[in-house]
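Residue numbers (our numbering): 67 to 124.
Reading through the structure tokens given below for one structure.
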Amino acid sequence: MKVKEVAALSGVSVRTLHHYDELGLLKPAKMTEAGYRIYSDENLAELQQILFYRALGF
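Given below as structure tokens:
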């Protein structure tokens with residue numbers, strides 16, 4: 067799943083996903099040769115946990 071699709075599905079911005087990648091908090095499953103981030107189902111589960119803890123104020 068591409069970054070734009072993940073952003074639309076999760077309700078966070080593309081920039082937020084890029085920021086999480088830069089921090090090492092949510093690394094995409096793979097990167098294409100063109101530099102596009104591709105996320106897996108496992109990445110979506112990780113993002114769900116991140117958003118849960120963010121909502122709790124962590």
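Beta carbons: idealized from backbone N, C-alpha and C, even for Gly.
Source: prediction; values computed, not measured.
Checklist entry - Who are the Cβ neighbours of S106 in its own chain at under 6 Å, not counting the five residues just before and after it? => result Translated into positions along the sequence shown, residue 106 becomes position 40. Excluding sequence neighbours, S106 sits near A95.
Checklist entry - Where do the N-terminal and C-terminal ends of the alpha helix (DSSP H) with L113 fall, by residue? => result Taking the sequence shown and counting its residues from 1, one reaches residue 113 at position 47. From DSSP, the alpha helix (DSSP H) with L113 extends over 107-122.
Next on the checklist: Here's the rule I'm using: 16 or more other beta-carbon atoms within 10 Å means buried, otherwise exposed. How should R103 be labelled?
Outcome noted: Here the question's residue 103 lines up with position 37 in the sequence shown. It is buried - the Cβ of R103 has at least 16 other Cβ atoms within 10 Å.
Checklist entry - Does the Cβ of L91 have 16 or more other Cβ atoms within 10 Å, making it buried, or fewer, making it exposed? => result Working through the sequence shown from its first residue, we reach residue 91 at position 25. That one is exposed.
Checklist entry - For K70 versus V80, is the C-beta spacing smaller than 9 Å? => result Taking the first residue of the sequence shown as position 1, residue 70 is located at position 4. Taking the first residue of the sequence shown as position 1, residue 80 is located at position 14. Closer than 9 Å, so yes.
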